[in-house]
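Contents: one structure, followed by commentary.
Number of protein chains: 2
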Amino acid sequence: MVRWAPGARERLHAAALEAFAERGFEAVPVAEIAAAAGLTERTFFRYFTDKREVLFHGQESLQEAFVEGIAAAPAGATPFEVIRGALEHAAESWFPAERRRFSRARGVVIAAEPGLRERELLKMRALAAAISEALRARGTPEPQATLAAETCVTVFHVSFEQWIAEGEERSLAEIQHAMFDELETLSRS
Amino acid sequence: MVRWAPGARERLHAAALEAFAERGFEAVPVAEIAAAAGLTERTFFRYFTDKREVLFHGQESLQEAFVEGIAAAPAGATPFEVIRGALEHAAESWFPAERRRFSRARGVVIAAEPGLRERELLKMRALAAAISEALRARGTPEPQATLAAETCVTVFHVSFEQWIAEGEERSLAEIQHAMFDELETLSRS
Chain U
1 MVRWAPGARE
11 RLHAAALEAF
21 AERGFEAVPV
31 AEIAAAAGLT
41 ERTFFRYFTD
51 KREVLFHGQE
61 SLQEAFVEGI
71 AAAPAGATPF
81 EVIRGALEHA
91 AESWFPAERR
101 RFSRARGVVI
111 AAEPGLRERE
121 LLKMRALAAA
131 ISEALRARGT
141 PEPQATLAAE
151 TCVTVFHVSF
161 EQWIAEGEER
171 SLAEIQHAMF
181 DELETLSRS
Chain L
1001 MVRWAPGARE
1011 RLHAAALEAF
1021 AERGFEAVPV
1031 AEIAAAAGLT
1041 ERTFFRYFTD
1051 KREVLFHGQE
1061 SLQEAFVEGI
1071 AAAPAGATPF
1081 EVIRGALEHA
1091 AESWFPAERR
1101 RFSRARGVVI
1111 AAEPGLRERE
1121 LLKMRALAAA
1131 ISEALRARGT
1141 PEPQATLAAE
1151 TCVTVFHVSF
1161 EQWIAEGEER
1171 SLAEIQHAMF
1181 DELETLSRS
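Protein chains in written order, with the working numbering: chain U, 1 to 189; chain L, 1001 to 1189.
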């Protein structure tokens, strides 16, 4: 048996997303994903604990990208300047143009399953908690830290949905900047 | 058997919250709640489909309070003026001072159980969806409708947590206004 397969994780990831998007998450067994990637089921489980993991791995790294971005902001930055910077850092390090078609397929799969939508929701809640903690760590008091963190997750989530929309060509960072500008317009009452 | 008990719903609600807050949601059987309210288990199930329902009934009415508030806003109002008004309407019609101690007990019960926290989270998501729909219905385009709806739910949720915090004495409407002011400060970069 092949114990090390070059690019195995990427091949499993691509094969799984394609099969899920075509036939639905529940309908596709792990054995089929492994076969489509030219690998065994055992190899699949060396990379992913289960099928869901294909869709949700890398969650901690995404949180870290936000936390790093927040820590890297200049000392005098306002909370909104800090989160604008963190959003840009996360978009550039995690969602380059070549990832868009995978994110798009993933979005279709998640939208189709209530259980996956709930997990995605919990992921966004965990992200908001990590961001508000990082803001408090740099001295932002409450309730500003929570309000800024929630705003950050809203802008990220709404922008991400737009980024994976059919026909959208702007980068995630560009969309996020536009969303932030929209948000500032809303508050000018 | 008593088929109609005056104030039965309120007595069951109060007895359930007290027992849940003291001993935890899972540990309290329906029979005990009914007995504490001087009623039968059968009467409990005439008012609530299950134990969770005690904590989550009235969800649609809360959504309606927001939707009504949005519909009642003057035609020329900005999206943030509209949601400020809706928040005030919801706070005044749904969370008068005398409800605070029930909401406080409920908050303690929910915070202690992951399953209840998830349900509360889904309730907030449903609220955000109802608000953005109401905004679109009055002509607010996307992405402004979603951004304003998410901001509305953030302000509501963060303010509500503050309203039920030990020692807090301001009304929910006052806290929401203060949160909105904080939010506008954050965006002045």
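No residue lacks a Cβ here, since even glycine has one placed at the ideal position from N, Cα and C. Note that the structure is a prediction, hence the values are computed from the model and not measured.
Under 7 Å between C-beta atoms of residue i and residue j
{"i": "L/Ala1179", "j": "L/Val1155", "result": "With the sequence shown as reference, residue 1179 of chain L is identified as Met, and Ala is not the correct amino acid for it. In contact: L/Met1179 and L/Val1155 (Cβ atoms closer than 7 Å)."}
{"i": "L/Leu1147", "j": "U/Leu135", "result": "no"}
{"i": "L/Gln1144", "j": "L/Pro1079", "result": "yes"}
{"i": "L/Ala1034", "j": "L/Ala1105", "result": "no"}
{"i": "U/Trp94", "j": "U/Leu62", "result": "yes"}
{"i": "U/Ala19", "j": "U/Leu39", "result": "no"}
Straight-line gap, residue i to residue j (C-alpha atoms, nearest Å)
{"i": "L/Arg1099", "j": "L/Val1067", "result": "21 Å"}
{"i": "L/Ile1083", "j": "L/Ala1128", "result": "11 Å"}
{"i": "U/Pro114", "j": "U/Glu169", "result": "28 Å"}
{"i": "U/His57", "j": "L/His1157", "result": "29 Å"}
{"i": "U/Leu17", "j": "U/Lys51", "result": "10 Å"}
{"i": "L/Leu1122", "j": "U/Glu150", "result": "16 Å"}
{"i": "U/Thr140", "j": "U/Phe45", "result": "42 Å"}
{"i": "U/Glu60", "j": "L/Glu1166", "result": "33 Å"}
{"i": "L/Tyr1047", "j": "L/Ala1126", "result": "23 Å"}
{"i": "L/Leu1186", "j": "U/Thr43", "result": "49 Å"}
{"i": "L/Ile1070", "j": "L/Glu1133", "result": "10 Å"}
{"i": "U/Ala65", "j": "U/Ile131", "result": "10 Å"}
{"i": "U/Ala72", "j": "U/Glu81", "result": "11 Å"}
{"i": "U/Glu142", "j": "U/Pro29", "result": "46 Å"}
Residues near residue i in its chain [Cβ-Cβ closer than 8 Å; skip 5 each side]
{"i": "L/Ala1077", "result": "Gly1085"}
{"i": "L/His1013", "result": "Val1054 and Phe1102"}
{"i": "U/Val108", "result": "Ala21"}
{"i": "L/Ala1173", "result": "Leu1087, Glu1088, Ala1091 and Glu1092"}
{"i": "L/Ala1112", "result": "Gly1024 and Phe1025"}
Under 8 Å by beta carbon: chain L residues contacting residue i
{"i": "U/Pro79", "result": "Leu1186"}
{"i": "U/Pro143", "result": "Val1158, Gln1162, Met1179 and Glu1182"}
{"i": "U/Arg125", "result": "Leu1121"}
{"i": "U/Ala148", "result": "Leu1186"}
Close beta carbons around residue i, own chain, < 6 Å, minus the five adjacent residues each side
{"i": "L/Ala1036", "result": "Ala1015"}
{"i": "L/Leu1116", "result": "Ile1110"}
Chain-order list of residues whose beta-carbon lies under 7 Å from that of residue i (same chain, five-residue window excluded)
{"i": "L/His1177", "result": "none"}
{"i": "L/Ala1031", "result": "Glu1041"}
{"i": "U/Ile164", "result": "Arg100, Ser103, Arg104 and Gly107"}
{"i": "U/Phe160", "result": "Leu172"}
{"i": "L/Ile1175", "result": "Ser1159, Gln1162 and Trp1163"}
{"i": "U/Met124", "result": "Val153 and His157"}
{"i": "L/Glu1118", "result": "none"}
Buried versus exposed call for residue i [16 or more other C-beta atoms within 10 Å across all chains shown]
{"i": "U/Phe207", "result": "Outside the shown range of chain U, which is 1 to 189, sits residue 207 of chain U, and nothing can be said about it."}
{"i": "L/Glu1010", "result": "exposed"}
{"i": "U/Ala97", "result": "exposed"}
{"i": "U/Thr49", "result": "exposed"}
{"i": "U/Glu120", "result": "buried"}
{"i": "U/Ala27", "result": "exposed"}
{"i": "U/Asp181", "result": "exposed"}
{"i": "L/Met1001", "result": "Low local confidence applies: a pLDDT of 44 at L/Met1001 is under 50, so the model's placement there is unreliable, and no value is given."}
{"i": "U/Ser189", "result": "The pLDDT assigned to U/Ser189 is 48, lower than 50, so where the model puts this residue is not dependable; a value taken from the coordinates is nonetheless given after this. Exposed: under 16 other Cβ atoms inside 10 Å."}
{"i": "U/Ala137", "result": "exposed"}
Partner residues on chain U for residue i, Cβ-Cβ distance less than 7 Å
{"i": "L/Thr1043", "result": "Neighbours of L/Thr1043 on chain U: none; closest Cβ ~33 Å, over 7 Å."}
{"i": "L/Thr1049", "result": "Residues of chain U passing the Cβ test: none, with the nearest at roughly 20 Å."}
Closer than 9 Å at the beta carbon, the chain L residues around residue i
{"i": "U/Thr40", "result": "Going along chain L, no residue has its Cβ under 9 Å from U/Thr40, so there is no contact; the nearest lies around 35 Å."}
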